[in-house]
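Structure first, commentary second.
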Ligand code: UDP
Ligand code: MG
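Numbering (our numbering), first residue to last: 1 to 319.
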């Protein structure tokens with residue numbers, strides 16, 4: 001049985017050695033499995049690629065794919081899945097926030113308990129700025145209300161999956177990738193493991209608040225069309241309000257006469273309606289923009305250097 005651990009790395013030169021050491025411990029515990037560590041260098045600006053090359057020279061279990069620039073973690077995950085050819089594939093961060101020591105337990109859940117994938121979820125957000133936790137929690141609450149896909153609060157991207165699950169994920173070649181949603185969308189039997197949040201071993205987080213905010217919008221647009229319905233609903237509401245106002249004005253005119261006042265209120269109403277129209281155009285626009293990016297069918301990542309053959313390429317040469 002072969003297990004490929006996909007590790008997206010962006011400026012992780014400080015963490016990689018710790019990660020590799022930790023993985024070696026796990027590999028020693030799981031002797032009966034053929035391991036492969038597949039580092040995806042996501043256009044790092046530091047010495048990450050050099051460190052990976054060095055590891056690959058010492059250990060033939062270490063493979064890597066290096067991008068031509070930074071394409072983001074989602075692209076790195078997709079590349080990892082495309083290049084992994086094992087029976088099982090794990091996705092894990094390089095900073096040891098996804099403890100490799102959970103792998104044996106995850107492995108047993110798939111091979112003995114018959115699950116298709118094992119996902120992890122952190123039960124707390126210890127060591128994280130409170131404001132970030134607040135927004136994260138509310139994002140998940142909102143997401144689950146407006147989308148039919150299950151998205152679990154605190155879910156990490158740390159997962160072990162069997163071949164069928166990986167193939168299903170690869171079927172979804174969309175450009176705007178929101179893995180947390182994709183994992184839920186494909187279905188299958190997933191077991192959830194919980195663990196306490198671990199702080200990163202070295203280096204710094206690559207996610208600023210703003211980056212996370214944009215990512216959450218991406219998630220909403222990718223997995224829900226509710227904002228469009230809200231726009232339509234607002235339109236109906238405004239029409240109803242306008243109709244009621246017209247009736248009110250006519251009745252008042254008939255009963256009391258003389259209605260040449262109300263200039264300030266008119267300005268307020270015009271501004272209010274203008275605002276709502278712009279908001280709705282904005283909502284529409286964000287879906288259109290995603291569609292635009294999607295139809296261009298640009299590659300999700302560009303590989304500049306690798307020491308591994310891609311799955312499809314192997315298949316092509318077989319035919
Ligand atoms: N990462 C990546 N590309 C990016 C940003 C991050 O491949 O553009 C990797 C990063 O190297 C790490 C993982 O994604 O292995 C998670 O990133 P990080 O630890 O910074 O996120 P956090 O754990 O703080 O959410
Ligand atoms: Mg991290």
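Using N, Cα and C, we set each Cβ at its ideal position, and we do this for glycine too.
Quick check on residue 118: does DSSP put it in helix, strand or coil?
Residue 118: strand per DSSP, three-state reduction.
Applying the 10 Å Cβ sphere with the 16-neighbour rule, what's the burial state of residue 82?
The C-beta of residue 82 has 16 or more other C-beta atoms within 10 Å across all chains shown, which makes the residue buried.
Does at least one heavy atom of the ligand UDP sit under 8 angstroms from the Cβ of residue 277?
Because no heavy atom of the ligand UDP lies under 8 angstroms away, the Cβ of residue 277 does not count as near it: no.
Using a threshold of 8 angstroms, is the CB atom of residue 93 nearer than that to any non-hydrogen atom of the ligand MG?
Taking 8 angstroms as the cut-off, the C-beta of residue 93 counts as close to a heavy atom of the ligand MG.
Between the C-alpha atoms of residue 5 and residue 214, what's the straight-line distance to the nearest angstrom?
Rounded to whole angstroms, residue 5 and residue 214 show a C-alpha spacing of 28 angstroms.
Can residue 4 be considered in contact with the ligand UDP, in the sense that its beta carbon sits closer than 8 angstroms to one or more heavy atoms?
Flag unset: Cβ of residue 4 not near the ligand UDP.
Less than 8 angstroms separating the Cβ of residue 97 from some heavy atom of the ligand UDP?
Set against 8 angstroms, the gap from the CB of residue 97 to the closest heavy atom of the ligand UDP is smaller.
What alpha helix (DSSP H) runs, 4 residues minimum, are completely inside the segment 245-303?
Complete alpha helix (DSSP H) runs here, min 4: 263-295.
Pairwise C-alpha distance: residue 254 and residue 139
Rounded to whole angstroms, residue 139 to residue 254 spans 51 angstroms at the Cα level.
Where does residue 88 fall in DSSP's three states?
Strand.
Could you have a look at residue 30 and say whether DSSP puts it in helix, strand or coil?
Here residue 30 sits in coil by DSSP.
Report the start-end ranges of each alpha helix (DSSP H) in the segment 143-207 that is 4 residues or longer and not cut off at the edges.
Listed in chain order, the complete alpha helix (DSSP H) runs (minimum 4 residues) inside the segment 143-207 are 163-171 and 179-185.
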